[in-house]
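J.: One structure coming up, written as structure tokens, with questions to follow.
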Amino acid sequence: MGDLSVADAVGTAGLTAWVHEYARAIAEHREELTELDSAIGDADHGSNMDRGMTAAVAALEATPPADAAALLKTVAMTMISKVGGTSGPLYGTLFLRMSGAFGDGSPTAFAAAFRAGIEGVVARGKAEAGDKTMLDALLPAADALTEAVGAGQPLDAALRAAADAAARGRDSVTPSVARKGRASYLGERSAGHVDPGAASAVLLVEAAAATLPGAGS
Amino acid sequence: MAKVGLVVISHSRPLAEAAVELARQMLPGREQAIEVAAGTDDGGLGTDAVAVSEAITAADSGDGVVVLMDLGSAVMSAETALELLDDDVRERVLLSPAPLVEGLIGAAVVAAGGADRDRVAAEALLGLAPKQAHLA
């Protein structure tokens, strides 16, 4: 293993920046996410995620967490409680499992925690790759992140690769028919639409790439 | 005599409360714990797993809880709520796939009569039977 630069360790400063950036991106894309969801769902994904992430930022500001695991748990519980839609339990479980698996904040440990979070989403949602869900962005992102940090790449390059993989995954299922959630009621009519959950998941990984490297711990 | 608690999870608070009102109509003068976790805290449509876990705790007298729910996030919030409960409470909780309105009415009647948890859950699952028989 090469020397781990201090700037590559993920801690409360980086995670706080990640949560803030994700909340900002969700707010920016709120109407777009709801529009995607009105085409193939129940038209609440943007507003639900915005409510949840706004509450998560407020919760972190109200009670600054003692450590990274506590921070991730606060985000998890807030999303579980405040989002209202299926994304609440799903994103909440992602952050909850990341909290439980969060190690020393090294890129390898962060990648492992991220994967544990996504495995939580798999368990909670019982969806698989290709079902046209958030997992079609998250699973390739986790694979790319694990591979890049395993190859010794610095965190910024590894998260960039993960974000690109997430976007490709999102786009790969746009032609598909949804097999989970409200969109599955539409059957063939869901084909050709971008999945709103995959779209918000890309924003999550993009926010990580934009904030975690070099944020300090 | 068992005292099995019931919990109703819905995206809509009015829907959940109306379902409970229908069920209570079958229980004149009888005690039965039926807790509701429904809607977002700003009055919109949605479910909240923390509220669900609190409703389960409130409905639990130690003899078990049967949870009925509508669809989508109600199901995942119910499962997530189980993760938030203490192990001993979690073991007493059964999440029912029964139809919300018909299942609740069947469950409420037998729960108020002192049936145990598994009997209450079985009755909830039979909730569609009278309608199916009538329309067959």
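So the sequence lines, in the order shown, correspond to chains A and B. Mapping to my numbering: the first sequence position 143 is 136, numbers consecutive. Going from the second sequence to my numbering is simple: count from 1 and add 211. Note that CB positions come from ideal geometry on N, CA and C, so glycine has one too.
Pairs of beta-carbons, one from the segment 301 to 319 of chain B and one from the segment 266 to 279 of chain B, closer than 8 Å: are there three or more?
T.: yes
J.: Would you kindly work out how many angstroms separate the C-alpha atoms of Ala63 of chain A and Glu232 of chain B, rounded to a whole number?
T.: 41 Å
J.: Give the secondary structure of Gly350 of chain B by DSSP, where H, G and I count as helix, E and B as strand, and everything else as coil.
T.: It is not possible to answer for residue 350 of chain B, since the shown part of chain B is limited to 212 through 347.
J.: Would you mind listing the alpha helix (DSSP H) stretches within the segment 75 to 150 of chain A that are 4+ residues and don't spill past its ends, in chain order?
T.: The segment 75 to 150 of chain A contains, as complete alpha helix (DSSP H) runs of 4+ residues, the segments 80 to 94, 100 to 118, 128 to 143 (chain order).
J.: Check Met280 of chain B in the structure and name its three-state DSSP category.
T.: strand
J.: Please list, in chain order, the residues of the segment 260 to 294 of chain B that have any C-beta partner in chain A closer than 8 Å.
T.: Only Ala260, Val261, Ala262, Gly283, Ser284, Met287, Ser288, Glu290, Thr291, Glu294 from the segment 260 to 294 of chain B bring a Cβ to less than 8 Å from some Cβ of chain A.
J.: Is it buried or exposed for Lys119 of chain A, if we count other Cβ within 10 angstroms and need 16 for buried?
T.: exposed
J.: Chain A partners of Gln255 of chain B, CB-CB under 7 Å?
T.: Looking at the sequence itself, residue 255 of chain B is Gly, so the reference to Gln does not match. By Cβ distance, chain A contributes Gly77.
J.: Helix, strand or coil for Ser165 of chain A? Go by DSSP, reduced to three states.
T.: It is helical.
J.: Check whether the Cβ atoms of Leu26 of chain A and Ser193 of chain A lie closer than 8 Å to each other.
T.: yes
J.: Using 8 Å as the limit for Cβ to Cβ distance, is His345 of chain B near chain A?
T.: no
J.: Using only the alpha-carbon positions, how far apart do Ile73 of chain A and Val320 of chain B sit?
T.: 32 Å
J.: Which bits of chain B does Leu29 of chain A rub up against, with CB to CB less than 8 Å?
T.: By Cβ distance, chain B contributes nothing, its closest Cβ being about 17 Å from Leu29 of chain A, past 8 Å.
J.: Leu296 of chain B by DSSP, collapsed to three states: which one?
T.: DSSP places Leu296 of chain B in coil when its eight states are reduced to three.
J.: For Thr126 of chain A, would you say it is in contact with chain B, using Cβ-to-Cβ distances shorter than 8 Å as the test?
T.: For Thr126 of chain A, the nearest beta carbon of chain B is not closer than 8 Å to its own beta carbon.
J.: Assign Glu302 of chain B to one of three DSSP states: helix, strand, or coil.
T.: coil
J.: Could you round the C-beta distance between Met91 of chain A and Leu65 of chain A to whole angstroms and report it? I think they count as a contact, below 8 Å.
T.: 5 Å
J.: Beta strand (DSSP E) containing Val170 of chain A: first to last residue?
T.: Per DSSP, Val170 of chain A is not a residue of any beta strand (DSSP E), being assigned neither H nor E.
J.: Since Pro212 of chain A meets chain B, which of its residues come closer than 9 Å, beta carbon to beta carbon?
T.: In the structure as shown, chain A starts at -6 and stops at 210, and residue 212 of chain A therefore has no counterpart that could be examined.
J.: Go ahead and pull the three-state DSSP assignment for Ala154 of chain A.
T.: Helix at Ala154 of chain A.
J.: With 16 other CB atoms within 10 Å as the buried threshold, where does Gln343 of chain B fall?
T.: exposed
J.: Name the DSSP beta bridge partners of Ala248 of chain B, please?
T.: B:Ile220
J.: If contacts are defined as beta-carbon pairs under 8 Å, then Val3 of chain A and Val68 of chain A qualify, I think. What distance do you get, rounded to the angstrom?
T.: The Cβ separation is near 14 Å, so there is no contact.
J.: Within this structure, are the beta carbons of Leu217 of chain B and Ala318 of chain B separated by less than 8 Å?
T.: Taking 8 Å as the cut-off, the beta carbon of Leu217 of chain B is found closer than this to the beta carbon of Ala318 of chain B.
J.: Residues of chain B with CB under 7 Å from Thr86 of chain A, in chain order?
T.: Residues of chain B passing the Cβ test: Thr291.
J.: In whole angstroms, what is the alpha-carbon distance linking Glu290 of chain B and Ile316 of chain B?
T.: 22 Å
J.: Output the boundary residues of the alpha helix (DSSP H) element that contains Ser193 of chain A.
T.: Per DSSP, the continuous alpha helix (DSSP H) segment holding Ser193 of chain A begins and ends at 189 to 204.
J.: Let me make sure I understand the geometry here. Which of A:Asp1, A:Glu24, A:Gly78 has the alpha-carbon closest to that of Gly257 of chain B?
T.: A:Gly78
J.: Can Ala202 of chain A and Val142 of chain A be called in contact, C-beta distance under 8 Å?
T.: no
J.: Looking only at its chain, what residues have a beta carbon closer than 6 Å to the beta carbon of Ala208 of chain A, apart from the 5 residues adjacent to it on each side?
T.: Result list for Ala208 of chain A: Ala6, Gly7, Ala10, in chain order.
J.: What are the boundary residues of the alpha helix (DSSP H) that Leu153 of chain B is part of?
T.: What is shown of chain B runs 212 to 347, which leaves residue 153 of chain B out entirely.
J.: Taking Cβ to Cβ, would you say Leu83 of chain A is nearer than 8 Å to Val50 of chain A?
T.: no
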